[in-house]
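Student: So the protein lines, in turn, are chains A, B and C. With our numbering applied, the first sequence covers 264 to 588. With our numbering applied, the second sequence covers 550 to 998. With our numbering applied, the third sequence covers 7 to 356. Note that beta-carbon positions come from the ideal geometry of N, C-alpha and C, so glycine has one too.
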Amino acid sequence: MAELTYREAVGEAIAQEMRRDTNVVFLGEDVAAAGGVFKTTTGLLDEFGPDRVKDTPISEQAIIGAAMGASMTGLRPIAEIMFSDFFAVCWDLVANQIAKTRYMTDGQCSFPLVLRSANGGGSRFGAQHSQSVENWAMAIPGLKVVAPSTAADVKGLLAASVRDPDPVMFFEQKSLYAVKGEVPEGEHVEPLGVATILRPGTDVTIAALAAMVPRALKAAETLQEEHGVSAEVVDVRCLVPLDTRTILESVSRTGRFMTVEENPRLCGWGAELASIVAEELFWDLDGPIVRVTTPHIPLPSADALEDAVLPSPQRIVENVKRLVD
Amino acid sequence: MNVLMPQLGETVAEGTVAAWHKKAGDEVAKDEILLDVETDKAATEVPAPITGVITSVLVQEGETVDVGTVLAVINGPDAAETETETRITREEGDSTVLSVTMETGVVEKLPGDPPAAAARFSQAGQRLKLSPVVRRLIAEHRLDAQVIPGSGRDGRITRNDVMAFIEAGPGEVAAPRVTEVSVAPAAESAAPGVQVPADRPRPAPAQPAAQTFSDGDRVPFDRIRRVTAEHMVRSKATSPHVLQAVEVDFSAVDRVRSRYRESWRADHGFSLTYLPFIARATCLALRDFPRLNGSVDGDALVLHKRVNLSIAVDLNFEGLVAPVIPDAGGLTVSGLAHRIHSVSARAREGQLTPDEFTGGTYTLSNNGSFGTLLTAAIINQPQVGVLSIDAIKKRPVVVESPAGDSIAIRPVGILSQSFDHRAVDGSYSAAFLHKTRTLLEDKDWSAEL
Amino acid sequence: MSNEPLEGIGLVSADLSDTSGDIAYIDTETRLRLYRKMYECRVLEQRAYDLFMQNLVKGTSHLALGQEAVAAGFGIAMRHDDYTFCTYRGHNHTYVRGVSMSAILGELMGRECGLLRGKGGSMHLTSVEHGAMGSYAIIGAHLPVAAGAAWSAQYRGTQQVAVCFFGDGTTNIGAFHEALNFAVIWKLPVVFVCENNLYMEYTPIEAVTAVKNPAADRAAAYGLEPILIDGNDVDVVYETAGAALSRARKGDGPSLIEAQTYRHGGHSRADPGKYRPDEELKAWLARDPIPMYRERLVSLGIDEEALEAIESESDTAIDAATEEARNSPPPPVDIAHIDVWADGSASWRN
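1) Could you please tell me which residues of the stretch 535-553 of chain A, in chain order, have their CB closer than 9 angstroms to any CB of chain D?
2) With 7 angstroms set as the bound, which would you pick, yes or no: does the beta-carbon of S424(A) sit closer than that to a beta-carbon of chain C?
3) Using a Cβ-Cβ distance under 7 angstroms, would H5(C) count as near chain A?
4) Mind pulling the alpha helix (DSSP H) runs of 4 or more residues that sit fully within the stretch 251-314 of chain C?
5) Would you say G518(A) faces chain B, with C-beta separation under 7 angstroms as the test?
6) Could you have a look at D766(B) and say whether DSSP puts it in helix, strand or coil?
7) Excluding the 5 residues flanking R282(A) on each side, which residues of the same chain have their C-beta closer than 7 angstroms to its C-beta?
8) Rounded to whole angstroms, what is the Cα-Cα separation between G962(B) and A621(B)?
9) Give me the Cα-Cα distance between P297(C) and L306(C), rounded to the nearest whole angstrom.
10) Beta-carbon within less than 6 angstroms of P746(B)'s beta-carbon, same chain only, minus the 5 sequence neighbours each way: which residues are those?
11) Who are the Cβ neighbours of G63(C) in its own chain at under 7 angstroms, not counting the five residues just before and after it?
12) Using the beta-carbon count (16 or more within 10 Å), is R270(A) buried or exposed?
13) Taking the C-alpha atoms as reference points, what is the distance between L121(C) and R379(A)?
14) Round the Cβ separation of I928(B) and E867(B) to the nearest angstrom and send it over; I've been treating them as touching at under 8 angstroms.
15) Buried or exposed: which applies to Y31(C), given that a residue is buried once 16 or more other Cβ atoms fall within 10 Å of its Cβ?
16) If you measure between the beta carbons of M59(C) and A327(C), is that distance less than 7 angstroms?
17) Closer than 7 angstroms between beta carbons: that is the criterion. Which residues of the stretch 365-385 of chain A meet it against chain C?
18) By DSSP, does R462(A) sit in helix, in strand, or in coil?
19) Given a threshold of 16 other Cβ atoms within 10 Å of its Cβ, counted over all protein chains shown, does V214(C) qualify as buried or as exposed?
20) For my contact list, L989(B) and V711(B) are in at a C-beta cut-off of 8 angstroms; report their separation, rounded to the angstrom.
21) Looking at F172(C) and T93(C), is the spacing between their C-beta atoms short of 7 angstroms?
22) Might you give, ordered along the chain, the residues of its own chain that have their beta carbon closer than 7 angstroms to the beta carbon of S800(B), omitting 5 neighbours on each side?
23) Comparing C-alpha positions only, which one of V683(B), L677(B), R971(B) sits nearest to D848(B)?
24) Keeping to the same chain, check which residues put their C-beta closer than 6 angstroms to that of F520(A); ignore five residues upstream and five downstream.
25) Taking the continuous beta strand (DSSP E) assigned at Y911(B), which residues delimit it?
26) Any heavy atom of the ligand FAD closer than 6 angstroms to the Cβ of Q391(A)?
27) Mapping DSSP to helix, strand and coil, what is I993(B)?
28) I believe G975(B) touches V791(B) by the beta-carbon criterion, under 8 angstroms. Please report the beta-carbon distance rounded to the nearest angstrom.
29) Where does A471(A) sit, in a helix, a strand or coil, going by DSSP?
30) Quick one: Cα of E524(A) to Cα of T604(B), how far?
31) Using the three-state DSSP reduction, which class does G116(C) fall into: helix, strand or coil?
32) List the residues of chain A whose Cβ lies closer than 8 angstroms to the Cβ of N187(C), in chain order.
33) Based on DSSP bridge pairs, tell me the residues matched to H6(C).
34) Taking the C-alpha atoms as reference points, what is the distance between D369(A) and M139(C)?
35) What does a CB cutoff of less than 8 angstroms around C372(A) pick up in its chain, not counting 5 residues either side in sequence?
36) If you draw a straight line from the C-alpha of D427(A) to the C-alpha of G332(A), how long is it?
Structure below.
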């Protein structure tokens, strides 16, 4: 085991995969010489050279289009979109082309590519550089969607995403880049489509994603110590494919379900989970399903404002208390 | 509104009811003192949280209960009934515990007609918030939501509360007290039927006397057995049962069954039995004899608009359930065959939802698979009739014709109805049976497939 | 304001005279192949029109009647393992890579024998085994994709070339500019071919473009030579294609070619094309690439019988293909639920 930061785990995963398979190539803005604006990919250019690690102009459509064309002709490209908000600039290539072409061509091509980006708020970058856009991807059939919460999961899930034969949208949470964690050394791959129970409990199931996971864990501690409530925390990790089995099994034991989502309210991934639980576990519910989310507003930039609207451990605790009464 | 055991100190977990100042049925004003509670450290008076009438007192003087336990229930001026609880309490028919009516204010009511009492109670009662899992558990275990202590906010019954209540077992609840009801001798029968003198309900013992058997293996009742036993005792205690039977010649039905046997099996994957035909004939006959599709409510008979047919299904000797086919009166033989097949299969696989057990208005009980002659079934409360279908066998029958009498071999079976003599008399029941038989023997059944 | 038809052959890039000797002249066999390909494209596209009028082709269909020379010229010049990317007006471009007529007609009619078994439709014809890497229905999207395929060929060192066909309207969309810049800076082996049929859907391209020749006049912005040719002269197309392909294969980077042409019908089936002036239409119809080429071949001494044989064989082939496609049943419904993912499944949960 090594201690790595979340951002170091990104580079380590890419390096691991590029060593293993010469078809893996990597492109993006400022990713090569500069090692990425978030310093996630330092050292890759030195190790693998300019044929495999390539800086591009500011051309999101070209970056994604090139990744698509390369992946359908034998390569396994990783493309970086600097801020996940910028997917809006090249959304045609993602949603209309990459996601649908295998299906439309009756399975003639596949797209083993990874589109990774820095997602989410908490860094005071303002509304256009702080969005959590996993739900945009979740809503399009044909895209796999991954959002790890720990350094170990970054390494394991990014490796799995590169090896996956389908297009994967890999969302790194920028506010977690500096967080350290234990990361297995050597080859490390985590399967996609598996949610993990990070903290077992009996009174309520809390499902969280990415930066909300540590907040849910903190809330669970407070709930146990100060209120005697035992919360089970599930890290969803992968929105598509979705591990509904783990979540349903958990709620069937606790009888109560809550989601904690960084995205703005409407159509967040928690709404889909709430719908599944309400439909398939209705007769096991001992209380209403509650979603704790950022309100449906663009994110403000000032610290005091941003912190007030993103879900906090305190808000999670309050919502659970009301739920278990 | 629930009156809860208060917390008398920061570290205190329980309290004792020292003295009641009011009793069930009393009116009380907000803040008027209801009772005294105490611990070994402190004593206090508990005021009424709202103005209203005390509908039940659940914890007696001298009893010690956990903080938060419901001590009493007050019905305020704007309480409303919920459909949910009405359905649950009425369909459970379980009023083994302290049913209380607003009108009489009596703590223990003679359960001469417990379903009615329960229904009236819940009409007068408060709005109970029952979560889906709580509703399901209550339905499965045939409990009365009114008497389960709730430890949630505002006395809400949580899943844990129900599980704890179930764990505590039926010994906690008082058995019904039964009055002797004398039954009028059976009226003359209008048709060749059989009548059996009515049962005399015996007083059910509140608790069985402790009998010890020195030999034999003791097999404790499981949950289903316990629940069934309670239900049967209560039903007999509630309804004066009369048994009446007719013999039916099933050759007309049989002709149609034979003709369609192969093609039906091939098209639908299951066999076409006698039961859907009998179900259809019963539904049609109930149109002409609607009192048998009713429920007794106090001193009135409620005639249900639709026939919701309960089909008794035996779960491989492990218990009896009676899922309901709603609005069976609107289905043909074909439709009934499908619904009966579906609901029986799902009952055996434990896939029925709580809603499928509720709302039945008449029951069919198919007992013929072991060759029995007739069965005096027990009525499924709060219905007033149940029809048992026993073995259908080839028998010699006399066929009358202008040319003279002869003997023919026909498939014959006995349909035996147990009816509630409060609702109808023997002649009505017999006429219904006659109609049913006539339909089975004379209707053009091929038109229904 | 109408566009005047070209006089003479038109401008050809100065670079062409520098190309290697592998296309010094066009031999008879090649010429006959060019003629056959154009003729087959014509009967195929005409049949698609007829079937649409009989309500057997559903949805929409974008015909390239009149634009056969570009498809045939490039199709014959390309290597079998080169990649083609084209737009929704792509029946001919797909056909010339070697896909059967019945597979194309079947797809237009939504039948099981269709190239995509009815899952994609007219606008998405694809045959990876033939190098036809897709027809794309969003303007401009496939230009960067073609660049990506070229990058892949460059990385793998196979000397494959990606050829990307698009219309005049595409030159005004963002992806066009991104793709060209991208291809030039990485020196990618991709040939961008703009078929300028003078109309962006219903609007004359001149009215909405800052420059007169929508592709050729922009080449300089990307450091590329302007190449403007008569897209209805299949010999010119063939020679230009060969030169650009050679350049790319050698590692000298991309080309941008503007081929002027004209479509006989409207933008799509729904459009009778009545917004074009009569004289313009008449003049271009007189420059129909197929009769024009036939005349040239005859004047070059090629036996008319050979040409007639090509024509009757094509007519027979299209009839047989039509019959096959008409007799094919609709696809089984369960294929709607497969092939979202590479393993053939469509499930998003367990």
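Tutor: On the basis of the coordinates in this document:
1) Here chain D cannot be found, since the structure's protein chains are A, B and C.
2) no
3) This structure cannot speak to residue 5(C), because chain C is shown only from 7 to 356.
4) 284-291, 295-305
5) yes
6) Residue state, collapsed to three classes: coil.
7) Apart from the 5 residues on each side of it in sequence, R282(A) has no Cβ closer than 7 angstroms to any other Cβ in its chain.
8) 54 angstroms
9) 14 angstroms
10) In this prediction, P746(B) scores a pLDDT of 43, lower than 50, which makes its location untrustworthy; the coordinate-derived value is nonetheless stated afterwards. Result list for P746(B): empty, nothing under 6 angstroms.
11) According to the sequence displayed, residue 63(C) carries Val and not Gly. The residues are A54, L57, L114, M115.
12) Buried is the label assigned to R270(A), since at least 16 other Cβ atoms lie within 10 Å of its Cβ.
13) 33 angstroms
14) In fact, because the Cβ distance is near 22 angstroms, the residues do not count as touching under 8 angstroms.
15) exposed
16) no
17) So the close ones are R365, Y366, M367, T368, D369, G370, Q371, C372, S373.
18) strand
19) exposed
20) Actually they are not in contact, since the Cβ atoms of L989(B) and V711(B) sit about 45 angstroms apart, beyond 8 angstroms.
21) yes
22) R959, P960
23) D848(B) has its Cα closest to that of R971(B), out of V683(B), L677(B), R971(B).
24) T468, V514, V540, I552
25) 911-915
26) Among the components modelled here there is no ligand, and therefore nothing to report on the ligand FAD.
27) Checking the sequence shown, residue 993(B) turns out to be Asp, not Ile. Residue state, collapsed to three classes: coil.
28) 6 angstroms
29) strand
30) Each residue's Cα considered, the two are about 45 angstroms apart.
31) coil
32) P320, S322, A325
33) Because chain C in this structure spans residues 7 to 356, residue 6(C) falls outside the shown range and cannot be described.
34) 13 angstroms
35) M335, T364, R365
36) 17 angstroms
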